[in-house]
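Enquirer: Pasting a structure below so you can have a look.
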Amino acid sequence: MTNRIIVLITLLLSVGIFAQDKLHITGKITGIDNKTKLSISGGEKEKEFYLKDGVIDVEVSLKEAPTSVSISVYDDNDIIRTYFYLGNESVTINASIDDFPNEVVAKNSKYDGLRYENYLLSKDFDKKSNDIDEIIEKEIEEGTKSEVVYAKYKDELNTIRKEYVRRQYEFLKKHINTDYGRRLIRFYQDQFTVEQFKTLYSLVDSVNMDRSEIKFLKTLCDSKQLEIGDMYYDFTALNLKNKEVRFSDYYNGKYVLLDFSNVYCWFCGKAAPKTAVIEEELKDKVMYVTYHTGDNLQEAQKYYELKGKKGNIIWNKEGHLHPAMAMYRNMSTPSYLLFSPEGKFIKEINGFDTDLKAIILKAIE
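The numbering of the sequence shown is full-length UniProt numbering, which starts it at 1 and goes up by one.
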């Protein structure tokens, strides 16, 4: 018995000693000189580095792993960026700057091969869409009205989009029990039907049921995308005092505007002082609630400061994977949802509009 315990302790210690706690990238990237700055994301902050005769040798400790990691190349006034999906592991990159941003894959990675496989699935759709976009842009420049041009190519673009979504759904069915597959769920929350989400959920192995992405998927199964006239979804959140509140607490006989924003969203930063003014001007008619989509209090407080330390800010520790994000199918920031005093959904406004106040007033009159 004693020998068994000693062996077990030895095994546990060896795992702790040899477990890799950093991402280590080596290899060679041609076409980049020794003076060109590069940076890698994924750690606590961006890490700058340089190649030596094309050789790359850089380490970074990933806060969460596996995760999306980017390498940026600062070429004159341009930034060329490529993305990977990596853990704290040792990988090799052999590529040319001409392969950026898409044709680069990390070899010997436990995770990045699946990301690259997924990219290859969408590669032809991206080209078709880009080709049509170029044609649309050219026809508009030649004088055709934009609404006429977009109507002309609408069906073709929709066909491309539908086939792309279909392929992504089949990919997820196959890889729902992988880290990368689970990561993709929230990016298609407004593309799949509730029945499709239920099918995906039925394919999840029991060992993965407690993962945050799968709990997010379960919420997608249990809710539908809001339509005009539907009642709001209630949820819990934290305020800036770290006290739990409910969205329903803000219903007091006024219209309610739910604003999804994030301090790292450039458009949200520009909108913050303007929405603070709108909030003040409409306070007698509209209860304005800002849901900060980050996962920590410090970021929510920073956004509060951008709003001149005014208004209601709520947030959640689960960030983008909180059930509220799934129920409301939130895919972008800033995004504004307007509800009646009775809690019925009236209108959604995606992206900050300089006429936001007028849009709100028109909707409630």
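Every residue, glycine too, gets a C-beta built ideally from N, C-alpha and C.
(1) Under 9 angstroms, do Ile346 and Phe352 count as touching if we go by C-beta distance?
(2) Between Asn262 and Thr333, is the Cβ-Cβ spacing less than 9 angstroms?
(3) Cutting at 7 angstroms between CB atoms, please list the residues of its own chain near Lys362, excluding the five before and the five after it.
(4) With DSSP run on the structure shown, which of helix, strand or coil describes Asp78?
(5) By the three-class DSSP mapping on this structure, what secondary structure does Val148 have?
(6) Taking the alpha helix (DSSP H) that Lys198 belongs to, which residues open and close that run?
(7) Keeping to the same chain, check which residues put their C-beta closer than 7 angstroms to that of Asn208; ignore five residues upstream and five downstream.
(8) Which residue marks the beginning of the alpha helix (DSSP H) containing Tyr255, and which one marks its end?
(9) From Ala65 to Asn88, what does the alpha carbon distance come to, in whole angstroms?
(10) Grab me the residues of Asn350's own chain with a C-beta within less than 7 angstroms of its C-beta, minus the 5 sequence neighbours each way, in chain order.
(11) In angstroms with no decimal places, state the Cα-to-Cα distance between Leu356 and Val105.
(12) So, at 7 angstroms on beta carbons, what are the nonlocal neighbours of Gly311 in its own chain, with the 5 sequence-adjacent residues on each side left out?
(13) Closest to Thr82 by CA distance: which of His320, Asn102 and Lys283 is it?
(14) Quick one: residues in its chain with C-beta nearer than 6 angstroms to the C-beta of Ser90, no 5 flanking neighbours on either side, listed in chain order?
(15) Taking 9 angstroms as the threshold (C-beta atoms), are Tyr85 and Thr67 in contact?
(16) Could you tell me whether the segment 189 to 196 touches the segment 160 to 171, where touching means 3 or more Cβ pairs closer than 8 angstroms?
(17) Go to Val104, then tell me how far its beta strand (DSSP E) extends in each direction, as first and last residue.
(18) Who are the Cβ neighbours of Tyr303 in its own chain at under 6 angstroms, not counting the five residues just before and after it?
(19) Who are the Cβ neighbours of Asp21 in its own chain at under 8 angstroms, not counting the five residues just before and after it?
Expert: This is what the structure gives:
(1) Ile346 is not a Cβ neighbour of Phe352, given a cutoff of 9 angstroms.
(2) yes
(3) none
(4) strand
(5) helix
(6) Taken as a continuous stretch (DSSP letters only), the alpha helix (DSSP H) holding Lys198 covers Val194 to Ser202.
(7) Asn177 and Ile214
(8) Looking at the DSSP string, Tyr255 is not in any alpha helix (DSSP H); the run it does join, the beta strand (DSSP E), is Tyr255 to Ser261.
(9) 6 angstroms
(10) Ser332 and Ser335
(11) Taking the straight line from one Cα to the other gives about 43 angstroms.
(12) Apart from the 5 residues on each side of it in sequence, Gly311 sits with its Cβ closer than 7 angstroms to the Cβ of Ala276, Glu279, Tyr288 and Thr290 in its chain, given in chain order.
(13) Asn102
(14) His24
(15) Tyr85 sits close to Thr67, with the two beta carbons spaced by under 9 angstroms.
(16) yes
(17) From DSSP, Val104 is part of no beta strand (DSSP E); its letter is neither H nor E.
(18) Answer for Tyr303: Val263 and His292, listed in chain order.
(19) Ser61 and Asn88
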